[in-house]
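Just below is one structure, and these are the notes that go with it.
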Amino acid sequence: MAGEEFAIIFRGRTADDCEKIVRAIRDDLVKETIRVNNHDRVGIKVSIGISQLRDDDFDFQTFYKRVDDYLYQSKRNKRNSITVEGKVASLN
Numbered sequence: 001m002a003g004e005e006f007a008i009i010f011r012g013r014t015a016d017d018c019e020k021i022v023r024a025i026r027d028d029l030v031k032e033t034i035r036v037n038n039h040d041r042v043g044i045k046v047s048i049g050i051s052q053l054r055d056d057d058f059d060f061q062t063f064y065k066r067v068d069d070y071l072y073q074s075k076r077n078k079r080n081s082i083t084v085e086g087k088v089a090s091l092n
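Rendered as structure tokens:
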């Protein structure tokens, strides 16, 4: 089953600050289950990519591509993972 992608931008926060916030959101999400097509309940899993703006980010696309690459690093790590500035960790 595929999921949705979205971005959250935290102004004035470091990548480490954002990791703490996003982990707390994730911890609340995984407590829930969803019903799929009136069948069994399915648990929620997430893959996360986090980065902060750098001096060499000349436009939004440069920044967004890096964050998207981090997201896909997490997905390749069997999902339910977080990648912060290139470092992947499991969220199990």
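Residue numbers for the sequence shown follow the numbering used here, so the first one is 1 and each next one is one higher. Note that beta-carbon positions come from the ideal geometry of N, C-alpha and C, so glycine has one too. Source: prediction; values computed, not measured.
Separation of I48 and R41 (C-alpha to C-alpha, rounded to the nearest whole angstrom) is 23 angstroms. With three or more CB-CB distances shorter than 8 angstroms, the segment 10 to 30 counts as touching the segment 79 to 87. In chain order, T83, V88 place their CB closer than 6 angstroms to the CB of Q73, counting only its own chain and leaving out the 5 sequence neighbours on each side. For L71, the number of other beta carbons within 10 angstroms of its own is at least 16, and it is reported as buried. Counting along the chain, S74 sits inside the alpha helix (DSSP H) bounded by residues 60 to 76.
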